[in-house]
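K.L.:
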Amino acid sequence: MNKTENNDIVKATEVFYCEDEMVTLPTQTGCLYKYMDNGIHKFTVFDTSNQAVDEFFDHLMRLVKNPIPNEPTPQMRLLDISVGYPSMPYVIKRFNTLRNEYVQLSPPTVNAILHNDNPLHNILRRLITPLSRGGNIKFFAAHEEDLAIRWLLRQARR
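Each step along the sequence shown adds one to the number in this note's numbering, with nothing skipped, and position 70 is 846.
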């Protein structure tokens with residue numbers, strides 16, 4: 777969420793491209809999407825609710841349906857789930873729906889995930905890595921965002 781100088785919470789916005797035109801739309805507060813200047817798609821999850829999971833997958837669906845013109849390949853994604861882990865059965869259900877509906881449209885990806893120190897981390901890594909459909913994926917501690925960004929940029933240059 778964004779805050780003003782007096783710490784008032786303001787509604788986050790999302791920027792995406794539609795038919796070569798940049799569009800900014802208000803979002804909910806469960807997951808914020810931002811297209812960064814370095815070409816990385818950053819997703820910041822603010823809570824572990826199913827609504828936040830839905831918002832994340834809604835952002836992904838928009839990216840697949842409306843790709844950014846002349847975007848570098850592979851698509852670089854940074855996911856910050858340092859707030860905690862959502863319901864894994866629900867995440868897998870949503871992932872399978874996305875994969876089944878949009879597999880032919882989805883670009884090659886390289887993914888960095890920022891996580892907290894939680895015992896579920898190893899389980900999550902074992903579940904997510906095979907689901908990446910050949911995409912590169914690496915997990916980083918929440919405080920290692922700069923390292924994750926450098927890794928994404930290196931992977932994209934390969």
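All C-beta atoms, glycine included, are put in the ideal place defined by N, C-alpha and C.
For the alpha helix (DSSP H) containing Arg870, name the first residue and the last one.
P.N.:
That run of the alpha helix (DSSP H) goes Met864 to Tyr878.
K.L.:
For Val821, list the residues DSSP reports as bridge partners.
P.N.:
Cys807.
K.L.:
On the three-pair Cβ rule with 8 angstroms, is the region 831 to 841 touching the region 875 to 884?
P.N.:
Touching, yes, given that three or more Cβ pairs across the two stretches are closer than 8 angstroms.
K.L.:
Using beta-carbon positions only, say whether Leu874 and Phe833 come within less than 8 angstroms of one another.
P.N.:
Contact flag set, yes.
K.L.:
Can you tell me the Cβ-Cβ gap for Ile816 and Leu855, rounded? I've got them flagged as a contact below 8 angstroms.
P.N.:
Not a contact, Cβ separation roughly 11 angstroms.
K.L.:
So what does Ala888 bridge to, in DSSP terms?
P.N.:
For Ala888, which the question treats as bridged, DSSP gives the partners Leu854 and Lys914.
K.L.:
Please determine, among Leu890, Lys869, Ile899 and Lys914, the residue with the shortest C-alpha to C-alpha distance to Thr820.
P.N.:
Of Leu890, Lys869, Ile899 and Lys914, the residue nearest in Cα terms is Leu890.
K.L.:
At the level of alpha carbons, what is the spacing between Leu801 and Asp893?
P.N.:
With a pLDDT of only 49 at Leu801, under the threshold of 50, the placement of this residue in the model should not be trusted; the figure read from the coordinates follows. Taking the straight line from one Cα to the other gives about 33 angstroms.
K.L.:
Between which two residues does the alpha helix (DSSP H) carrying Asp922 extend?
P.N.:
First-last of the alpha helix (DSSP H) with Asp922: Glu921 to Arg933.
K.L.:
Beta carbon of Thr824, beta carbon of Pro862: below 8 angstroms?
P.N.:
Yes; because the gap between Cβ atoms is below 8 angstroms, this pair is in contact.
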